[in-house]
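S.K.:
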Amino acid sequence: VEVRREDYRPFPWAVPQVALDFALGLEETRVTALLDVRRNPAAEASPVLRLNGDGLTPLWVKVDGAETAGWVMDGPDLLLTLPGEAHSVEVATAIAPAANTQLMGLYASNGMLCTQCEAEGFRRITFFPDRPDVLSTYTVRMSGDAGAFPVLLANGNLVASGTGEGGTHWAQWHDPWPKPSYLFALVAGDLEARRDSFTTMSGRKVDLAIFVRRGTGDLERTGHAMESLIRSMKWDEEVFGREYDLDIFNIVAVSDFNMGAMENKGLNVFNTRYVLADPETATDGDYDAVEGVIAHEYFHNWSGNRVTCRDWFQLSLKEGFTVLRDQLFSADMGSEAVKRIEDVRVLRGVQFPEDSGPLAHPIRPDAYREISNFYTATVYNKGAEVIRMMRTMAGQERFRKGCDLYFARHDGEAATCEDFIRAMEEGAGLDLTQFRLWYAQAGTPRVTIRMAHEGDTVTLHLSQEVPATPGQPEKQPMPIPLKVALFDRQTGRHRGEELLVLDKAQDSFTFGGYSAPPVLSANRGFTAPVAIAQDVATSDLVFLAAHDDDPFARYEAMQELVVTHLKEAVSGSLSDVQRDEGRAAIAGALRAVLADDRLDDLMRGELLILPSHAYLSEQMLVADPGAIHAERQALRAGLARALEGEFVALHERASAVPYSLSAEARGARKVKTQALIYLAEGNPARAEQMAAAQYRAADNMTDRQGALMVLAGLQGPERTHALLDYYTRYRGNALVVDKWFSLQAGSLHPQVLAHVKALASHPDFTLTNPNRVRALYMAMAVNPAAFHDPSGEGYRMVADLILQLDPLNPQTAARFVAPLGRWRRIEPARAALMRAELERIAAAPSLSRDTHEQVARSLG
Ligand code: ARG
Ligand code: ZN
Numbered sequence: 027v028e029v030r031r032e033d034y035r036p037f038p039w040a041v042p043q044v045a046l047d048f049a050l051g052l053e054e055t056r057v058t059a060l061l062d063v064r065r066n067p068a069a070e071a072s073p074v075l076r077l078n079g080d081g082l083t084p085l086w087v088k089v090d091g092a093e094t095a096g097w098v099m100d101g102p103d104l105l106l107t108l109p110g111e112a113h114s115v116e117v118a119t120a121i122a123p124a125a126n127t128q129l130m131g132l133y134a135s136n137g138m139l140c141t142q143c144e145a146e147g148f149r150r151i152t153f154f155p156d157r158p159d160v161l162s163t164y165t166v167r168m169s170g171d172a173g174a175f176p177v178l179l180a181n182g183n184l185v186a187s188g189t190g191e192g193g194t195h196w197a198q199w200h201d202p203w204p205k206p207s208y209l210f211a212l213v214a215g216d217l218e219a220r221r222d223s224f225t226t227m228s229g230r231k232v233d234l235a236i237f238v239r240r241g242t243g244d245l246e247r248t249g250h251a252m253e254s255l256i257r258s259m260k261w262d263e264e265v266f267g268r269e270y271d272l273d274i275f276n277i278v279a280v281s282d283f284n285m286g287a288m289e290n291k292g293l294n295v296f297n298t299r300y301v302l303a304d305p306e307t308a309t310d311g312d313y314d315a316v317e318g319v320i321a322h323e324y325f326h327n328w329s330g331n332r333v334t335c336r337d338w339f340q341l342s343l344k345e346g347f348t349v350l351r352d353q354l355f356s357a358d359m360g361s362e363a364v365k366r367i368e369d370v371r372v373l374r375g376v377q378f379p380e381d382s383g384p385l386a387h388p389i390r391p392d393a394y395r396e397i398s399n400f401y402t403a404t405v406y407n408k409g410a411e412v413i414r415m416m417r418t419m420a421g422q423e424r425f426r427k428g429c430d431l432y433f434a435r436h437d438g439e440a441a442t443c444e445d446f447i448r449a450m451e452e453g454a455g456l457d458l459t460q461f462r463l464w465y466a467q468a469g470t471p472r473v474t475i476r477m478a479h480e481g482d483t484v485t486l487h488l489s490q491e492v493p494a495t496p497g498q499p500e501k502q503p504m505p506i507p508l509k510v511a512l513f514d515r516q517t518g519r520h521r522g523e524e525l526l527v528l529d530k531a532q533d534s535f536t537f538g539g540y541s542a543p544p545v546l547s548a549n550r551g552f553t554a555p556v557a558i559a560q561d562v563a564t565s566d567l568v569f570l571a572a573h574d575d576d577p578f579a580r581y582e583a584m585q586e587l588v589v590t591h592l593k594e595a596v597s598g599s600l601s602d603v604q605r606d607e608g609r610a611a612i613a614g615a616l617r618a619v620l621a622d623d624r625l626d627d628l629m630r631g632e633l634l635i636l637p638s639h640a641y642l643s644e645q646m647l648v649a650d651p652g653a654i655h656a657e658r659q660a661l662r663a664g665l666a667r668a669l670e671g672e673f674v675a676l677h678e679r680a681s682a683v684p685y686s687l688s689a690e691a692r693g694a695r696k697v698k699t700q701a702l703i704y705l706a707e708g709n710p711a712r713a714e715q716m717a718a719a720q721y722r723a724a725d726n727m728t729d730r731q732g733a734l735m736v737l738a739g740l741q742g743p744e745r746t747h748a749l750l751d752y753y754t755r756y757r758g759n760a761l762v763v764d765k766w767f768s769l770q771a772g773s774l775h776p777q778v779l780a781h782v783k784a785l786a787s788h789p790d791f792t793l794t795n796p797n798r799v800r801a802l803y804m805a806m807a808v809n810p811a812a813f814h815d816p817s818g819e820g821y822r823m824v825a826d827l828i829l830q831l832d833p834l835n836p837q838t839a840a841r842f843v844a845p846l847g848r849w850r851r852i853e854p855a856r857a858a859l860m861r862a863e864l865e866r867i868a869a870a871p872s873l874s875r876d877t878h879e880q881v882a883r884s885l886g
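The numbering of the sequence shown is UniProt numbering, which starts it at 27 and goes up by one.
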């Protein structure tokens, strides 16, 4: 069944209080839920109380203290008829955590018990109105074997604990803040914690703890997460005026987890990969990811928990806003420019393809079958861009006023995107009437820019087109804020940035006082999540790549230079001479980047990264993955040969910088591996020696992994040595073994598919751990040379995985459909193979709702 946004109705019953009692066991846990229910005066009255369930049967049901047989199942849900205004309803269920391979609801992970309830997991624990607009205060009592579960955690504050019979103990927790069921959490296990504290701006002392499994050595790896948490708490006070509101803030790291992490009130549950970090096992990228996700979940305490969502169509209300908040935080903690470039790279590499494919949806979707399928780059990352545009148009101060009004007005409520927009209109003084289209229309707008120069006047002719997407054939023009600057060719300077808002299908903007045609720098800072189409001379791109004072625009010019060249190369429209000229222009720009001592290495590293295969494919209506890959690699080889000496020198210089987490040292590590990546194409034998040396000398995971990544794609003997050494060194450390799988599945080695097939039967491979499944199969599915192997073998392996995984873990299985779903944008021979695999999946005798929905939309 399809759920539609327009069908929203308030729930007829309120549930102000809930008392849960858990008798914990890995094989069986008994749950008794006591609900205090009363009629919701704001809803249309109904005597029927629908309690959602998923795979549950009631052991018994009591109404007002007396057992009743007056209930009926409606599919998975339990229905009761209640005559009066207010009742108590008590339901007992028994669940089997160890058999819960979906990892939704209460499940077991390495002997510990933990929960994941967003979006609809609570209904796998007990019968309940499992929707975000039903807010309750929770009291949770749990008891269990004191040996197996020495630590018992739930949301809020610990109010009592004690010992029971037969070696059991119990704890009772109370969360004073009303919350929807998706924010419920419980953890029980043999855990140890790193502890610290934070005093909030109004003087509340908060006890902080990060829990990991006892005796794993993981505790030593929680320092960075704790520092990140403390920095997040401080930053949210300073920048958004948001203060924490409980005396305890707990985080638990869990190895088996479908997503990144979960913002349960006062008890965040995390995938271990976003908690654990030390120099020996985590790369610089891992450090950043830990900091970003810790911040993200913490920030949800306001944008998500204090103000939650009315229904799941409003998901971007909390996710888009919270992603923006974590992006701004990370920018403040490190390099703003580099962070912006990274965020745009994710948007273009993941969200743009989503927006142009069969799974395209607006940031506020209109319908879904399985809400888990809508935890997407569109809802999260484009959602963040949409709010960022409001911030750009309002300016920081007025944006803050809008946020303040939103939090003040909706604190304690389940709100909508419309509520947020209204608060922004009133608080920030914006008119967002037309801007609302950004919530409703899917598809990446395409803005065409043409510059005309006459006399001393420059005119920018702008037009926009929002492409048709599934279910949305016609689109209206949207307000698109574009920061632009006009550079004087002689001085290399501009006269100030302008913010243009293009809100019509076509518009023109004029600028006086230019006796010569300037160079246009458009969408500076990437103020709008759009694709820009513009006829720019190569010389102008080279100029901007060297002179633009906006670091994002400088990066953009560099990317455009490469994209334009590769597009032409792939289309076969370049003569040999033109191809050489194009490469020479790019090599010249890269040489300048390598030589420019105003650049720090973190930024230099960004400028060295070639546009991704995914982003390049996105530029073509129908892509030939083989040709794109070949041209991209050929360009890299050409650049590496032209600049071999420079890359070797860069590697040597960077290798001399000792390990630390300073920006300088991180930058050095970044360019060091970039240099190897180039050299691996230009001079593989030399690269092999250099990478092997880097591997052996490495005193940190960034260098080690960078070297191994390069070696994994080469065919010399060093590859085998390094892969075996790495495995022996780190076997037993799940997160590092994940990297070992990923590096091989993501490598440029010609036999990569054979390697993946063999790795699937490696003793360390398992379908029951989502990190491991992604490490092997997602790495392959996003490895263009492997996935798009002309034999169709890559497609077949992904489809086989989906079919095997779907019965165990539908949520994770469904994530693998999207790569196959791109078939319409791929050349016909491969498209037919991809489509055939989707049809094979569709024909399976039984599919989860998750996978079925994605496959149906992909074939659609
Ligand atoms: N709210 C979490 C976060 O973004 C994600 C939870 C997603 N869970 C799911 N089952 N899809 O921080
Ligand atoms: Zn989130």
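Note that beta-carbon positions come from the ideal geometry of N, C-alpha and C, so glycine has one too.
Computed from a prediction, not measured in an experiment: that's the story for all the values here.
Mind checking whether the beta-carbon of Met285 lies closer than 6 Å to any heavy atom of ligand 1?
M.R.: On the sequence shown, position 259 is the one that residue 285 refers to. Flag set: Cβ of Met285 near ligand 1.
S.K.: How many Å lie between Val160 and Cys335 at the Cα?
M.R.: For this step, residue 160 is matched to residue 134 along the sequence shown. For this step, residue 335 is matched to residue 309 along the sequence shown. Cα to Cα, the separation comes out at about 10 Å.
S.K.: Using the three-state DSSP reduction, which class does Ser356 fall into: helix, strand or coil?
M.R.: Mapped onto the sequence shown, residue 356 falls at position 330. DSSP places Ser356 in helix when its eight states are reduced to three.
S.K.: Where do the ends of the beta strand (DSSP E) carrying Cys140 lie?
M.R.: Locating residue 140 in the sequence shown gives position 114, where the first residue counts as 1. From DSSP, the beta strand (DSSP E) with Cys140 extends over 138–142.
S.K.: Taking only heavy atoms of ligand 2 into account, decide whether any of them is closer than 6 Å to the Cβ of Glu317.
M.R.: Position 291 of the sequence shown, counted from the start, is the residue given in the question as residue 317. Answer for Glu317: no, Cβ out of range of ligand 2.
S.K.: Which ranges would you report for the alpha helix (DSSP H) in the region 438–495 if only whole runs of at least 4 residues count?
M.R.: Entirely contained in the region 438–495, the alpha helix (DSSP H) runs reaching 4 residues are, in chain order, 443–454, 463–466.
S.K.: Around the C-beta of Glu323, are 16 or more other C-beta atoms found within 10 angstroms, so that it is buried, or is it exposed?
M.R.: Here residue 323 refers to the residue found at position 297 of the sequence shown. Flag for Glu323 reads buried.
S.K.: Is DSSP giving Tyr704 helix, strand or coil here?
M.R.: One-based indexing of the sequence shown puts residue 704 at position 678. In this structure, Tyr704 counts as helix in the three-state DSSP scheme.
S.K.: Taking only runs of the alpha helix (DSSP H) that begin and end inside the region 655–703, which ones reach a length of at least 4 residues, in chain order?
M.R.: 670–681
S.K.: Where Pro204 and Phe283 are concerned, what is the direct C-alpha to C-alpha distance, given to the nearest angstrom?
M.R.: Here residue 204 refers to the residue found at position 178 of the sequence shown. Here residue 283 refers to the residue found at position 257 of the sequence shown. Distance between the alpha carbons of Pro204 and Phe283: 26 Å.
S.K.: Between Asp156 and Ser114, is the Cβ-Cβ spacing less than 7 Å?
M.R.: As a first step, residue 156 must be located in the sequence shown, where it is residue number 130. As a first step, residue 114 must be located in the sequence shown, where it is residue number 88. Not closer than 7 Å, so no.
S.K.: Does the beta carbon of Ser356 fall short of 6 Å from some heavy atom of ligand 1?
M.R.: Translated into positions along the sequence shown, residue 356 becomes position 330. The answer is no for Ser356.
S.K.: Ala45 to Thr402, Cα distance in whole Å?
M.R.: Position 19 of the sequence shown holds residue 45. Position 376 of the sequence shown holds residue 402. Each residue's Cα considered, the two are about 34 Å apart.
S.K.: Using 7 Å as the threshold, is the C-beta distance between Thr877 and Pro845 below it?
M.R.: Residue 877 sits at position 851 when you count from the first residue of the sequence shown. Residue 845 sits at position 819 when you count from the first residue of the sequence shown. Not in contact: Thr877 and Pro845 (Cβ atoms no closer than 7 Å).
S.K.: For the region 594–645, list the alpha helix (DSSP H) runs that are entirely contained and at least 4 residues long, ordered along the chain.
M.R.: 602–621, 627–634, 639–644
S.K.: So who's on the other strand from Ser270, going by DSSP bridges?
M.R.: As a first step, residue 270 must be located in the sequence shown, where it is residue number 244. Strictly speaking, residue 270 in this sequence is Tyr, with Ser absent from that position. Note: Tyr270 sits in no beta bridge, so no partner.
S.K.: For Gly539, which three-state DSSP category applies?
M.R.: Counting from one through the sequence shown, the residue named residue 539 turns up at place 513. Shown here, Gly539 sits in coil according to DSSP, grouped into three states, outside any helix or strand.
S.K.: Please find out if some non-hydrogen atom of ligand 2 comes closer than 6 Å to the beta-carbon of Thr348.
M.R.: Looking up residue 348 in the sequence shown gives position 322. Under cutoff, so the answer is yes.
S.K.: Select from Cys143, Trp328, His520 the residue whose C-alpha is nearest the C-alpha of Glu263.
M.R.: Taking the sequence shown and counting its residues from 1, the one referred to as residue 263 is at position 237. Of Cys143, Trp328, His520, the residue nearest in Cα terms is Trp328.
S.K.: Residue 897 by DSSP, collapsed to three states: which one?
M.R.: The structure shown does not extend to residue 897, since the chain is modelled only from 27 to 886, so the question has no answer here.
S.K.: Between the beta-carbon of Asp80 and the beta-carbon of Arg149, is there less than 7 Å?
M.R.: The sequence position of residue 80 within the sequence shown is 54, counting from 1. The sequence position of residue 149 within the sequence shown is 123, counting from 1. Yes, the Cβ-Cβ distance between Asp80 and Arg149 is below 7 Å.
S.K.: I'd like to confirm something about Ser398: is its beta-carbon nearer than 6 Å to some heavy atom of ligand 1, or not?
M.R.: As a first step, residue 398 must be located in the sequence shown, where it is residue number 372. Because some heavy atom of ligand 1 lies under 6 Å away, the Cβ of Ser398 counts as near it: yes.
S.K.: Leaving out five residues before and five after Ile367 in sequence, what residues of the same chain have Cβ atoms less than 7 Å from its Cβ?
M.R.: Residue 367 sits at position 341 when you count from the first residue of the sequence shown. Here the set comprises Phe578, Tyr581, Glu632.
S.K.: With distances taken Cα to Cα, identify the nearest neighbour of Asp381 among Lys365, Val364, Phe400.
M.R.: Along the sequence shown, read from residue 1 onward, the residue named residue 381 stands at position 355. Checking every option, the nearest Cα to that of Asp381 belongs to Phe400.
S.K.: Output needed for Leu245: all residues of its chain with C-beta closer than 7 Å, excluding positions within five of it in sequence on either side, in chain order.
M.R.: The count along the sequence shown starts at 1 and reaches residue 245 at position 219. Correct list, in chain order: Glu218, Arg220, Val238.
S.K.: Give the secondary structure of Pro507 by DSSP, where H, G and I count as helix, E and B as strand, and everything else as coil.
M.R.: Start at 1 with the first residue of the sequence shown, and residue 507 comes out as number 481. Pro507 falls in the strand class under three-state DSSP.
S.K.: Please state whether DSSP places His326 in a helix, a strand or coil.
M.R.: One-based indexing of the sequence shown puts residue 326 at position 300. Correct three-state label for His326: coil.
S.K.: Would DSSP call Ser884 helix, strand or coil?
M.R.: Position 858 of the sequence shown, counted from the start, is the residue given in the question as residue 884. Correct three-state label for Ser884: helix.
S.K.: Going by DSSP in three states, Tyr34 sits in which element: helix, strand or coil?
M.R.: Along the sequence shown, one-based indexing puts residue 34 at 8. Three-state result, Tyr34: coil.
S.K.: My guess is that Trp97 and Leu104 are in contact by the Cβ rule of under 8 Å, so how many angstroms apart are they, rounded?
M.R.: Reading the sequence shown from its first residue, position 71 is the one you call residue 97. Reading the sequence shown from its first residue, position 78 is the one you call residue 104. Indeed, because the Cβ distance is near 6 Å, the residues count as touching under 8 Å.
S.K.: Please tell me whether, using a cut-off of 6 Å, the distance from the CB of Glu28 to the nearest non-hydrogen atom of ligand 2 is below it.
M.R.: Walking along the sequence shown from the start, residue 28 turns up at place 2. Glu28: no, Cβ never under 6 Å from ligand 2.
S.K.: Which value, in whole angstroms, describes the spacing of the CA atoms of Gly311 and Ala542?
M.R.: The count along the sequence shown starts at 1 and reaches residue 311 at position 285. The count along the sequence shown starts at 1 and reaches residue 542 at position 516. So the alpha carbons of these two residues sit roughly 44 Å apart.
S.K.: Let me know if Gly170 comes out buried or exposed under the rule of 16 or more other beta-carbons within 10 Å of its beta-carbon.
M.R.: Locating residue 170 in the sequence shown gives position 144, where the first residue counts as 1. Buried, since its Cβ has 16 or more Cβ neighbours within 10 Å.
S.K.: Pull up the distance between the alpha-carbon of His781 and that of Ala660, whole angstroms please.
M.R.: In the sequence shown, counting from the first residue as 1, residue 781 sits at position 755. In the sequence shown, counting from the first residue as 1, residue 660 sits at position 634. Roughly 24 Å between the two C-alpha positions.
S.K.: Rounded to a whole number of angstroms, what is the C-alpha to C-alpha distance between Thr754 and Ala717?
M.R.: Here residue 754 is taken as the residue at index 728 of the sequence shown, counted from 1. Here residue 717 is taken as the residue at index 691 of the sequence shown, counted from 1. Each residue's Cα considered, the two are about 19 Å apart.
S.K.: Tyr752 and Leu734 look like a contact to me (Cβ under 8 Å); what is the Cβ gap, rounded to whole Å?
M.R.: Position 726 of the sequence shown, counted from the first residue, corresponds to residue 752. Position 708 of the sequence shown, counted from the first residue, corresponds to residue 734. Right, the Cβ-Cβ distance comes to about 6 Å (below 8 Å), so this counts as a contact.
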